[in-house]
Amino acid sequence: MSFQPFVSGTGLAGWTLLKSTLSTQKAAFNRNPQTLSNSRYFLEKFDTVNSAEDLVENRRLLRVVLGAYGLSEDINNIHFVKTLMKEGVDSRAALANKLSDQRYKALARDFDFSTTPPQHKLATGFAEEIVVRFQNNAFEIKIGENDQDMRLALEFSREFRKLSATSMSNAAGWYQVLATPPIREVMQTALGLPKAFAQLDIDDQHQRIKAKAENAFGTSSLSELSSEALAEKITRQFLVMRDVGKTAESTPWQTALMLLQAIPQRSS
């Protein structure tokens, strides 16, 4: 019988319990026959991928690759995915450079068939990295079937640190935050920004979200915000704000209690 990831409880309590069982649950999930089979198949066939067609015409390979980038919903968009990979990212006219979602640009950059040899052939250990990312995303999808907020919290914890570890400037990094759906949703919710925020001019969004982060967390530096303590504080605030939204009719003291619970306790 296949292991099914689970969440016990919601909000901060559920998050704490999920983190305490995360490594055990992931290990069990990765031993599931389907996960194991897809992972092994990808590693065996990776070296045979020499063109975009080789990839998109093999559904098992494509499922792993798209899953690794959080793009599983594009499994049937064959022409779209093939175009991304064939055009790469070097040309300003490339499709990936016209899309706001940075996950597509990452896919087109890593599987760039506009160059010879293809980009994915040059990176040592790249196939293994793709498998790990595929497994992480597949696990998070299953968690999301129980609690979508927990899935977002997991995605944020993983992707936010990856984003801040890049060599881009802090200003460019904030544009990446706005262009990466899971990170954006967690950050926007944690900062109490309304849905209408997305309708503002992108430069206005950029300025406002940085200012809100500075006010809420004492810094707008992504390298500082991605520290273990602050990233956890953002995640907890996101979960609290989600709970506040779900219990909008609760009494004032209940809402205040949830907000106080988001503040990490000092160790004695």
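Numbering (our numbering), first residue to last: 1 to 268. Glycine included, each C-beta is placed from N, C-alpha and C at the ideal position. Fair warning: this is a prediction, and the values are worked out from it, not measured in the lab.
Terminal residues of the alpha helix (DSSP H) in which residue i lies
i    : result
H120 : Counting along the chain, H120 falls outside any alpha helix (DSSP H), and DSSP gives it neither H nor E.
K86  : 78–87
T180 : Unbroken run through T180: none, as it is neither H nor E.
G11  : 11–30
I202 : 202–217
E129 : 126–146
S223 : 222–225
G67  : 59–68
L36  : 33–45
Counted within 10 angstroms of its Cβ, other Cβ atoms place residue i as buried (16 or more) or exposed
i    : result
R289 : It is not possible to answer for residue 289, since the shown part of the chain is limited to 1 through 268.
F80  : exposed
P118 : buried
A213 : buried
R59  : exposed
M168 : exposed
R242 : buried
P5   : buried
G9   : exposed
L18  : buried
I209 : buried
V186 : buried
E140 : buried
D147 : buried
N136 : buried
K142 : buried
N38  : buried
V132 : exposed
Nearest-angstrom Cβ-Cβ length linking residue i and residue j, presumed shorter than 8 Å
i    : j    : result
T219 : S157 : Not really, about 18 Å apart at Cβ, beyond 8 Å.
E155 : P182 : 4 Å
F113 : S51  : 6 Å
F284 : H120 : For the chain, the structure presents residues 1 to 268; residue 284 sits outside this window and is missing.
A108 : G88  : 6 Å
Three-state secondary structure assigned by DSSP to residue i
i    : result
E249 : Residue placement at E249 is poorly supported in this model, since its pLDDT is 48, which falls under 50; the coordinates still yield a value, given next. Coil, per DSSP.
R92  : coil
V7   : coil
E73  : helix
A52  : helix
K113 : One detail in the question is off: residue 113 reads as Phe in this sequence, not Lys. Here F113 sits in coil by DSSP.
D101 : coil
M168 : coil
L191 : coil
S157 : helix
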